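S.K.:
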Amino acid sequence: MIIEIKDDFDLGKIADSGQCFRFNKCGEESQEHYSVAALDKHVLVKKLDENRYEFSCDQKEYDSFWKNYFDMDISYSDIRARIDKTKDEYLYNASEYGKGIRILRQDPWEMLISFIISQRKNIPAIKASIEKLCALAGNEIDEGKEFGKIYSFPTPEKIAALSMEQLSSCSLGYRDKYVHQAALDVASGAVDLDRWGKLSDEELMENLLKLFGVGVKVANCEILFGYHRLDAFPIDVWIKKVLDAHYQKGFSFESYAPFNGVMQQYLFFYSRTGG
DNA sequence: AGGCAGGTTCTTA
DNA sequence: TAAGAACCTGCC
194 MIIEIKDDFD LGKIADSGQC FRFNKCGEES QEHYSVAALD KHVLVKKLDE
244 NRYEFSCDQK EYDSFWKNYF DMDISYSDIR ARIDKTKDEY LYNASEYGKG
294 IRILRQDPWE MLISFIISQR KNIPAIKASI EKLCALAGNE IDEGKEFGKI
344 YSFPTPEKIA ALSMEQLSSC SLGYRDKYVH QAALDVASGA VDLDRWGKLS
394 DEELMENLLK LFGVGVKVAN CEILFGYHRL DAFPIDVWIK KVLDAHYQKG
444 FSFESYAPFN GVMQQYLFFY SRTGG
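In our numbering, the protein residues as written are 194 to 468.
(1) Hey, would you say Ser393 sits closer than 8 Å to Ser364, going by beta carbons?
(2) Measure how close the beta-carbons of Ile309 and Ala230 come, nearest whole angstrom, since I'm counting them as under 8 Å.
(3) From Ile272 to Asn286, what does the alpha carbon distance come to, in whole angstroms?
(4) Along the chain, where does the beta strand (DSSP E) containing Cys219 start, and where does it finish?
(5) Would you say the segment 293-306 touches the segment 195-215, given that touching needs at least three Cβ pairs under 8 Å?
(6) Please state whether DSSP places Glu336 in a helix, a strand or coil.
(7) State yes or no: is the C-beta of His439 within less than 8 Å of the C-beta of Tyr283?
(8) Apply the 10 Å Cβ neighbour rule to Leu386 and answer buried if 16 or more other Cβ atoms are within range, or exposed otherwise.
(9) If you draw a straight line from the alpha carbon of Ile319 to that of Ser307, how long is it in whole angstroms?
(10) If we call anything under 8 Å between Cβ atoms a contact, is Phe216 one with Tyr227?
(11) Using DSSP with H/G/I as helix, E/B as strand and the rest coil, what is Val409?
(12) Among Tyr269, Ile196 and Lys278, which has the Cα closest to the Cα of Asp251?
(13) Give me the residue from Gln441, Phe452, Phe444 and Val435 with the minimum Cα distance to Leu417.
(14) Do you know offhand how far Ile267's Cα is from Gln299's?
(15) How big is the Cα-Cα spacing for Phe469 and Glu243?
(16) Ordered along the chain, which non-local residues of its own chain (more than five positions away) have a Cβ less than 7 Å from that of Ala412?
(17) So, does the segment 367-386 touch the segment 345-355, judging by three or more C-beta pairs under 8 Å?
(18) Around the C-beta of Tyr420, are 16 or more other C-beta atoms found within 10 angstroms, so that it is buried, or is it exposed?
(19) Would Lys434 be called buried (16 or more neighbouring beta carbons within 10 Å of its own) or exposed?
(20) Assign Lys434 to one of three DSSP states: helix, strand, or coil.
(21) Which whole-angstrom value describes the C-beta separation of Asp369 and Ser361, a residue pair presumed to lie in contact below a C-beta threshold of 8 Å?
(22) On the DSSP bridge assignment, give the partners of Val229 in chain order.
(23) What ranges does the alpha helix (DSSP H) occupy inside the segment 363-399, keeping only unbroken runs of at least 4 residues that lie completely in it?
(24) Roughly how many whole angstroms lie between the Cα atoms of Ala375 and Leu305?
(25) How is Ile267 classed by DSSP in three states: helix, strand or coil?
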């Protein structure tokens, strides 16, 4: 089905923005489209022209899932408009360069595991580990003729039931015990990620930091990408370089609240692939 | 071959 | 309480 999207929406930039790991470009140059997997859903999205996109799902699934996943109720062009070129030219340039990025509304469980795995790994390695984990413990949700089979992201119960040997086979390295413990915590009910969504920012951060293998950076990624709290500002090596090089007097968080996380995405994407 | 990659935990003083 | 080392694995 065809969807008209007028706000910022660039699949390639979203794919490279580091917030999602099951987003893949496929097809020929002229027939380019993106394969997107989230939890137990999968869709192909193809750009037809400036504002029109073809989704491989029906209207019902778009309305009930993907519309929310792509965060279509928020205007990212309005958020970009808050940036004053005369006050922060670097951020302005980053936002122009990253125009089209949106913060996806992803699942807290999937994001928690994904970002625990992400530590001290590069993006291709993160994606490879997640795909192995999905193939090992997820369910087949799409036969994926041209791009390989697509599996759902495993439930906490499924991961909790894996042996350490099976987890190791996903190239998790020393993170295998973190993933295993997180799965046990959630499957047993000791950790209730849905309920955590109702907590204050401070309480949510406090709870996340108690999890084995979760430090400040991973917790902030979970808050921003898993809970879609757009003011969270994860500081990784790339953002640290940006802050050191361009913000010695400090980044003006107060100017962009409650959307500092969106600014973080522009800075991250710009520093990695642009200037 | 040695260093490093979207960090966190563990060990020392 | 705070630095510094250790950590899996894969890829230059």
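For glycine and all other residues, C-beta sits at the position ideal for the given N, C-alpha and C. All figures in this text were calculated on a predicted structure; none of them were measured in a lab.
M.R.: A quick look at the data gives this:
(1) no
(2) With a Cβ gap of about 19 Å, Ile309 and Ala230 do not count as contacting.
(3) 14 Å
(4) Phe216 to Cys219
(5) yes
(6) coil
(7) yes
(8) buried
(9) 8 Å
(10) yes
(11) helix
(12) Ile196
(13) Phe452
(14) 15 Å
(15) The structure shown does not extend to residue 469, since the chain spans only 194 to 468, so no value can be given for it.
(16) Met398, Leu401 and Leu402
(17) yes
(18) buried
(19) exposed
(20) helix
(21) 5 Å
(22) Phe216 and Val236
(23) 369-381 and 386-389
(24) 8 Å
(25) coil
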